[in-house]
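Residue numbers (the numbering used here): -3 to 638.
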């Protein structure tokens, strides 16, 4: 082993030490007869072969200790599975298979004889055995619901600890498993599969998390109550039963009930509303939905994304109808398009606060209605960005004299390419009509386009007057064909502001009534050159080139054809489109400079019931002397403004 043993320190370059080192390394690595060799300092060391022997002895010792443990635990190994079939007669008997010990489950009756001795037979036999080591734990973790064994994680509803686990095939009812999962009060994961609920089941104490492909089939007569829920845009609820969301539910989505693009989603949206209605849960609308005659529960708030839309199922005529009663909260709907009947119909829905980005290509865009049992419509607000390409943009209608429609406000930024921008539909009722007053339509712009030759911006078809209606076009109002109309029909106390972009011609303001105020704004509301009044009635061809005035403030002049004696009256005539056969909205003003030169106005009379557009002005000479013939007397008349 060591020949020279010089005891020189480590690192010595003495040839004797180098020889001893080389010789000792040879013994340490290659000797298979001795477990010990002695280095050049006289210390004993294990040879590599000695280490191998010690390792083998350790393994034998561990195996013996484990066998002793098994024996002391009362287990008895009766043989290898591959040597079988084997018969187990006691529950403490073990068999060995794939380097693991297996014991009969407590539910397996003894004696039990294995069905074979290979992997194929083990598939059948394995359900009767469990691993007595960590192999059993591995097996359970890998099985459906195995994640339930790990504390702190979301637990699958299929975990055996939840009353045996839910049946993902949908064959057996899973009520008990879901109820047990709810009792845990933690997160519950629903893996892909179908789960049948046959009775009332409460899941409101836990948070449900759905894998795509997981569906809970709620049977007829059963109600599934759900609180917190985490789910993508895919169906998770089916069946003829009911789903009820609690106040812990943030928002609900029609996709959970089967709504999908390119499919008729009417039933799915209706089911979603039914689940939300009792606790007023918001429905989130994020996609395009094909619908037909969808009824919207006024108790269900909605929230629509900018890309969402309601479109008709093939052959569908009508879009959304809102139910009567007081609405709740602020809501928004998707864009609405393509319904030949109505797009949105609000029947007796009071206190509604709704935003709709767009309604287009419908028969009636927006209908406000009182009918049947829904006899009142109060203080509802609907805001729209635009209504376009509809026959009628906004429609008011009622079916009984006792109906009340008050305080409602529609704001639409732009109404374009519609035959009627605002229509009070003839309902066949006698005067004075339903109690309609103090309703408003406010827009920034209206453009019906000249191609709609019969277009009317505000029309009352009814035989009675509409009272106290507010109509405002604040920025741009034009695009009428010469045969179109700005206002048509009977109104009382109409308050209209129209920012004209074109001069109206005769016939464009075809309304009658009393105390109506129509303001054309300062841009086109005033003429600049005085127009001469005429001396005889029914003389419009001789007045202003045969064109009736339309300005709110008109400059006029009267030139007596003969001398005008003091304290006598002259009757003059002008023609104006803002006459309504009964107006009292006249005010006479002096000219911008000077005065009426010794004259005063005794009266201004709307004579348009007898002669279209005619206004009679009675002037009196109060100058104290005769006014010579040919004297120009200028003054201003304010029409339609209070």
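Quick reminder that beta carbons are idealized off the backbone N, C-alpha and C, glycines included. Please read these numbers as outputs of a predicted model, since none were measured by experiment.
Whole-angstrom distance between residue j and residue i, CA atom to CA atom
{"i": "residue 116", "j": "residue 195", "result": "40 Å"}
{"i": "residue 92", "j": "residue 80", "result": "11 Å"}
{"i": "residue 73", "j": "residue 48", "result": "30 Å"}
{"i": "residue 620", "j": "residue 559", "result": "13 Å"}
{"i": "residue 311", "j": "residue 193", "result": "36 Å"}
{"i": "residue 6", "j": "residue 0", "result": "15 Å"}
{"i": "residue 537", "j": "residue 330", "result": "53 Å"}
{"i": "residue 13", "j": "residue 31", "result": "23 Å"}
{"i": "residue 561", "j": "residue 577", "result": "32 Å"}
{"i": "residue 636", "j": "residue 257", "result": "52 Å"}
{"i": "residue 296", "j": "residue 324", "result": "7 Å"}
{"i": "residue 290", "j": "residue 191", "result": "29 Å"}
{"i": "residue 495", "j": "residue 468", "result": "8 Å"}
{"i": "residue 202", "j": "residue 433", "result": "51 Å"}
{"i": "residue 59", "j": "residue 128", "result": "16 Å"}
{"i": "residue 370", "j": "residue 236", "result": "30 Å"}
{"i": "residue 145", "j": "residue 76", "result": "A caution first: residue 145 carries a pLDDT of 44, below 50, which makes its placement in the model unreliable, though a value can still be read off. Their Cα atoms are separated by approximately 30 Å."}
{"i": "residue 162", "j": "residue 182", "result": "16 Å"}
{"i": "residue 618", "j": "residue 551", "result": "21 Å"}
{"i": "residue 26", "j": "residue 40", "result": "16 Å"}
{"i": "residue 596", "j": "residue 410", "result": "45 Å"}
Contact set for residue i: own chain, Cβ-Cβ below 8 Å, skip 5 residues either direction
{"i": "residue 87", "result": "99, 100, 102, 106"}
{"i": "residue -2", "result": "16, 19, 20, 34, 35, 36, 38"}
{"i": "residue 108", "result": "83, 84, 100, 124"}
Endpoints, beta strand (DSSP E) assigned at residue i
{"i": "residue 353", "result": "349 to 356"}
{"i": "residue 23", "result": "First-last for residue 23: 11 to 26, but that is the alpha helix (DSSP H), not the beta strand (DSSP E)."}
{"i": "residue 408", "result": "405 to 412"}
{"i": "residue 198", "result": "197 to 206"}
{"i": "residue 473", "result": "466 to 473"}
{"i": "residue 616", "result": "610 to 617"}
{"i": "residue 441", "result": "436 to 443"}
{"i": "residue 596", "result": "595 to 602"}
For residue i, the nearest candidate out of the options (CA to CA)
{"i": "residue 372", "options": "363, 361, 343", "result": "343"}
{"i": "residue 459", "options": "309, 178, 436, 487", "result": "487"}
{"i": "residue 503", "options": "583, 484, 616", "result": "484"}
{"i": "residue 180", "options": "50, 32, 157, 127", "result": "157"}
{"i": "residue 449", "options": "428, 481, 471, 431", "result": "481"}
{"i": "residue 309", "options": "259, 218, 536", "result": "259"}
{"i": "residue 368", "options": "289, 375, 382, 395", "result": "395"}
{"i": "residue 474", "options": "446, 466, 402, 112", "result": "446"}
{"i": "residue 490", "options": "56, 575, 426", "result": "575"}
{"i": "residue 493", "options": "26, 288, 438", "result": "438"}
{"i": "residue 280", "options": "289, 321, 301", "result": "301"}
{"i": "residue 566", "options": "234, 583, 530, 548", "result": "530"}
{"i": "residue 286", "options": "316, 276, 202", "result": "316"}
{"i": "residue 404", "options": "464, 478, 424, 357", "result": "464"}
{"i": "residue 174", "options": "165, 166, 198", "result": "198"}
6 Å Cβ shell around residue i - same chain, five flanking residues per side excluded
{"i": "residue 391", "result": "360, 363, 419, 421"}
{"i": "residue 110", "result": "80, 81, 82, 121"}
{"i": "residue 351", "result": "328, 379"}
{"i": "residue 238", "result": "219"}
{"i": "residue 200", "result": "221, 223, 242"}
{"i": "residue 89", "result": "72, 74"}
{"i": "residue 399", "result": "366, 371, 430"}
Under 9 Å between C-beta atoms of residue i and residue j
{"i": "residue 451", "j": "residue 414", "result": "yes"}
{"i": "residue 569", "j": "residue 613", "result": "yes"}
{"i": "residue 523", "j": "residue 545", "result": "yes"}
{"i": "residue 533", "j": "residue 610", "result": "yes"}
{"i": "residue 274", "j": "residue 261", "result": "no"}
{"i": "residue 388", "j": "residue 416", "result": "yes"}
{"i": "residue 230", "j": "residue 208", "result": "yes"}
{"i": "residue 337", "j": "residue 305", "result": "no"}
{"i": "residue 639", "j": "residue 629", "result": "Lying outside -3 to 638, the shown extent of the chain, residue 639 is not represented and no answer is given."}
{"i": "residue 278", "j": "residue 319", "result": "no"}
{"i": "residue 429", "j": "residue 462", "result": "yes"}
{"i": "residue 170", "j": "residue 150", "result": "no"}
{"i": "residue 516", "j": "residue 527", "result": "no"}
{"i": "residue 582", "j": "residue 602", "result": "yes"}
{"i": "residue 185", "j": "residue 212", "result": "no"}
Cutoff 7 Å; reference residue i; Cβ partners in own chain excluding five residues on either side
{"i": "residue 8", "result": "none"}
{"i": "residue 4", "result": "10, 13"}
{"i": "residue 498", "result": "474, 476"}
Unbroken alpha helix (DSSP H) run spanning residue i, endpoints
{"i": "residue 265", "result": "262 to 272"}
{"i": "residue 329", "result": "Per DSSP, residue 329 belongs to no alpha helix (DSSP H) and is neither H nor E."}
{"i": "residue 174", "result": "171 to 180"}
{"i": "residue 120", "result": "115 to 121"}
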